[in-house]
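Please read the structure below before turning to the comments.
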Amino acid sequence: MLLVVRSALGWLLLSAGLWLVWPSTLGGCTTLTVISGHSMEPTYYTGDLVVARCGTPTVGDVAVYRPSAVSRSARIIHRVVGGDATVGFQMKGDNNTFLDPFTPRQADVVGVAVLRIPQVGRVSALVFNPWVWVGVLLAAAVLLIWPSDGTSGSPEAELEADVEPAEQPDAELPVPAGSPR
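Counting from 357, one number per residue, gives the positions in the sequence shown under the numbering used here.
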């Protein structure tokens, strides 16, 4: 019975975890944004990873939005300083002295920031950089193709190195039957 409860609890926790992090690009409610630029300092710095959850922002919230006047892949993360979901939000970077030229409506808002993970974005930028993967694959190919000298590292050479000559027992002469040893 305890095993069934533990298993059910494990599945429940896994499901809840997946629901929390399921990306908005796949119909979920979570957006990950890597900060680039200085407009949100000192709240966020270049390389920080910000987790945003879907919802309607209020004045004072930091929101991630896609400006309709720019490419739909572009995302801006700024603070809501006024407006509303129907007329459009007034947005401003914490480090800016001016309001954003865009007034996103609720349909443009991707999410409200809920978590900051410092500098993780720098690592993810490396992991997702195609040139890094080209370098890794080239290094792997070179290591596979590189000629060896034929002795070190080969299984035959290792077997030969491990073999020690057997110790020869002293040869015993045949003893006639009935004689003392």
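Just so you know, even glycine gets a beta-carbon here, dropped at the ideal spot from N, CA and C.
Quick caveat: nothing in here was measured; it's all calculated off a predicted structure.
| Item | Value |
| --- | --- |
| One or two residues paired with F484 in a DSSP bridge | Answer is none; F484 lacks a bridge partner. |
| Test item: CB-CB of R409 and R422 under 9 Å | no |
| V465 - DSSP class collapsed to helix/strand/coil | strand |
| Alpha-carbon spacing of E397 relative to D450, whole angstroms | 6 Å |
| Status (buried if at least 16 other CB within 10 Å, exposed otherwise) for A336 | The question about residue 336 has no answer, for the chain in this structure spans 357 to 537. |
| Alpha carbon of R461 to alpha carbon of I473, nearest angstrom | 27 Å |
| Check whether V436 and V415 have beta carbons under 9 Å apart | yes |
| Segment limits, beta strand (DSSP E) that includes G444 | 444-448 |
| S480 beta carbon less than 9 Å from that of V390 | yes |
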